[in-house]
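Colleague: Line order of the protein sequences matches chains L and A. In short: position in the first sequence from 1, add 14, done, that's our numbering. In short: position in the second sequence from 1, add 14, done, that's our numbering. C-beta: ideal position from N, C-alpha, C; glycine also. Predicted model only: the values in this text are computed from it and were never measured.
Number of protein chains: 2
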Amino acid sequence: MDDTPRRPMRADARRNYERLLAEAEALIAERGTGASLEEIAKRADVGIGTLYRHFPTREALLETLLRERFDALGARATGLLDAPDPLDALLEWLRAFTRGTRVYQGLAESMLAALRDEESELYASCHGMRDAGRALLVRAQRAGTVRADLTALDMFVLANAIAWAAEALPEDAGIGERFLTFLVEGIRLGDAGAGQGAR
Amino acid sequence: MDDTPRRPMRADARRNYERLLAEAEALIAERGTGASLEEIAKRADVGIGTLYRHFPTREALLETLLRERFDALGARATGLLDAPDPLDALLEWLRAFTRGTRVYQGLAESMLAALRDEESELYASCHGMRDAGRALLVRAQRAGTVRADLTALDMFVLANAIAWAAEALPEDAGIGERFLTFLVEGIRLGDAGAGQGAR
DNA sequence: GCAATATACGGAGGGCGCCTCCGTTTAGGC
DNA sequence: GCCTAAACGGAGGCGCCCTCCGTATATTGC
Chain L
15 MDDTPRRPMR
25 ADARRNYERL
35 LAEAEALIAE
45 RGTGASLEEI
55 AKRADVGIGT
65 LYRHFPTREA
75 LLETLLRERF
85 DALGARATGL
95 LDAPDPLDAL
105 LEWLRAFTRG
115 TRVYQGLAES
125 MLAALRDEES
135 ELYASCHGMR
145 DAGRALLVRA
155 QRAGTVRADL
165 TALDMFVLAN
175 AIAWAAEALP
185 EDAGIGERFL
195 TFLVEGIRLG
205 DAGAGQGAR
Chain A
15 MDDTPRRPMR
25 ADARRNYERL
35 LAEAEALIAE
45 RGTGASLEEI
55 AKRADVGIGT
65 LYRHFPTREA
75 LLETLLRERF
85 DALGARATGL
95 LDAPDPLDAL
105 LEWLRAFTRG
115 TRVYQGLAES
125 MLAALRDEES
135 ELYASCHGMR
145 DAGRALLVRA
155 QRAGTVRADL
165 TALDMFVLAN
175 AIAWAAEALP
185 EDAGIGERFL
195 TFLVEGIRLG
205 DAGAGQGAR
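1. For Arg-83 of chain A, collect the residues of the same chain with a Cβ closer than 7 Å to its Cβ; drop the 5 residues on either side in sequence, then sort them by chain order.
2. Going by DSSP, what residue range makes up the alpha helix (DSSP H) through Tyr-66 of chain A?
3. In its own chain, which residues sit with a C-beta less than 7 Å from the C-beta of Gly-48 of chain A, not counting the 5 before and 5 after it?
4. Show which residues of chain A have a CB atom less than 8 Å away from the CB atom of Arg-130 of chain L.
5. I want to verify the contact list: residues of chain L whose CB lies under 7 Å from the CB of Arg-192 of chain A, in sequence order.
6. Using a Cβ-Cβ cut-off of 7 Å (strictly less than) and excluding sequence neighbours within five positions of Asp-102 of chain L, which residues of its own chain qualify?
7. For a minimum of 3 consecutive residues, which ranges assigned as the beta strand (DSSP E) are wholly contained in the segment 91-156 of chain A?
8. Give every residue of the same chain whose Cβ lies closer than 6 Å to the Cβ of Ser-134 of chain L, excluding the five residues on either side of it in the sequence, and list them in chain order.
9. If you run the structure through DSSP and keep just helix, strand and coil, what is Arg-81 of chain L?
10. Apart from the five residues just before and just after Thr-64 of chain L, which ones in its own chain have a Cβ nearer than 6 Å to its Cβ?
11. Would you kindly work out how many angstroms separate the C-alpha atoms of Leu-80 of chain A and Ile-42 of chain A, rounded to a whole number?
12. Pro-100 of chain A and Ala-157 of chain A - do their beta-carbons sit closer together than 9 Å?
13. Thinking C-alpha only, which one of L:Val-117, L:Asp-163, L:Ala-162, L:Arg-161 is nearest Asn-174 of chain L?
14. Going by CA-CA distance only, name the one from L:Glu-44, L:Arg-148, L:Ala-38 that's closest to Ile-62 of chain L.
15. With 7 Å as the C-beta to C-beta threshold (strictly closer), list the residues of the segment 100-115 of chain A near chain L in chain order.
16. In chain A, what lies closer than 9 Å to Leu-126 of chain L by C-beta?
17. Quick check on Gly-211 of chain L: buried or exposed, where buried means 16 or more other Cβ atoms within 10 Å of its Cβ?
18. If you draw a straight line from the C-alpha of Cys-140 of chain L to the C-alpha of Met-125 of chain L, how long is it?
19. Can you grab the Cα-Cα spacing for the pair Leu-150 of chain A / Ala-36 of chain A, in whole Å?
20. Just to confirm my understanding: we take Glu-181 of chain A, look at its own chain, exclude 5 residues before and 5 after, and list those with CB closer than 7 Å. What are they?
21. Alpha carbon to alpha carbon, what distance is there between Ser-50 of chain A and Leu-203 of chain L?
22. Are the C-beta of Gly-211 of chain L and some C-beta of chain A separated by less than 9 Å?
As structure tokens, this is what we get:
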């Protein structure tokens, strides 16, 4: 809970930490979440050991790169709790989420993997965001506009699946939005009983 | 087009080919599509060079492993063209597809990757199946039970996304079916105008 | 300023996986 | 049985991961 160590970082350590982060950001933006850690270290002009000291796992590095985004998405969700239409609010948030997941190629994959491993830095780090998203879902469900049997976890996974698909066909710019539309149609409860007639 | 070479395979070649296939099947079932090719060769008691001679790429190997399944899925789609309810038929096929995609962990990923690369053996190999699926979709659209703006490619990608998600949470047995339900709800045109009221 | 020491650095090295290349072996036609 | 086209196998180069530990240096207390 106490992230601030008694002593501040040594000057060289802090410098290397920042260089690493900058180069990681650049290379991961370029090559995706699987980018070579050795190359990041090289570009940051730092030994590979130094990289591993600051970021013991690839996920730790990713987490640092993403934490701000997660927090922002959490805040966004909380803000949207006041929006007039709960379903629109949810859609809007899902949109923001999937867009955010596209910053780095491979991120959806990493997120889902993290979801299965509670030890993962990513898991902990996006916890708040997930909770905020859940609140948005619950509100829409209370309002009766989203099916009650949809779990927050399911929603999260589905959003990642959409991001994953969108990532895989990058030349198709509209794909994410299209799929989100399908998702929302699929989980909403229609104004007129949602045409559940057939089944 | 002429897959049968003039001469039949030499006996040792044929034997190795079959051993490789058997071990590949086993190891990929165990470890997913990313299984080590060197280990496959080792288990088949064959040099790595021999593996590469028979299967120049990982995809070629996968393709051989999967072709029968693809053909079966294609046939299934064609068969379902006679089913009474076009939407049910489509759902049934999507179910078969996503279930099939779960045989090997990582397969959805491989399929989507193949989709972007027309040179890929997998791309060519599942072409027939995709076409058969398309026919099923078109029929449902003609019947007015599926939104007309859904592309066969989109449907294919979505089905893979669902398979991908299901693969990522293997301990949750019902996830694939749940997500498929959402998908079908999302792409159908409801019996009573589908509650498009709000938007 | 100058030790003394806690911190931090760096990269060699072991492991694994990919894939190619080419010297060696062998099946099968004659 | 010989000869040759066909097939084999694995060494070796490359890239990546990650650990470990000898070396360097920033900081602190004097």
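Modeller: Reading it off the structure:
1. Gly-114
2. 62-68
3. Gly-120
4. For Arg-130 of chain L, the C-beta contacts it makes with chain A under 8 Å involve Ala-182, Leu-183, in order along the chain.
5. Asp-168
6. none
7. none
8. Glu-73, Ala-128
9. Helix, per DSSP.
10. Asn-30
11. 12 Å
12. yes
13. The option with the nearest alpha carbon to Asn-174 of chain L is L:Val-117.
14. L:Ala-38
15. Listed by position along the chain: nothing, the set is empty.
16. Trp-178, Ala-179, Ala-182, Leu-183
17. For Gly-211 of chain L, the predicted structure reports a pLDDT of 39, less than 50, and the residue's modelled location is therefore unreliable. A value from the coordinates is still provided. With fewer than 16 other Cβ atoms within 10 Å, it is exposed.
18. 9 Å
19. For Leu-150 of chain A and Ala-36 of chain A, the distance between alpha carbons rounds to 34 Å.
20. So the qualifying residues of the chain are Arg-116, Gln-119, Ala-122.
21. 46 Å
22. In this prediction, Gly-211 of chain L has a pLDDT of 39, which is less than 50 and means its spatial position is unreliable; what the coordinates show is noted afterwards. Yes, because at least one Cβ of chain A sits closer than 9 Å to the Cβ of Gly-211 of chain L.
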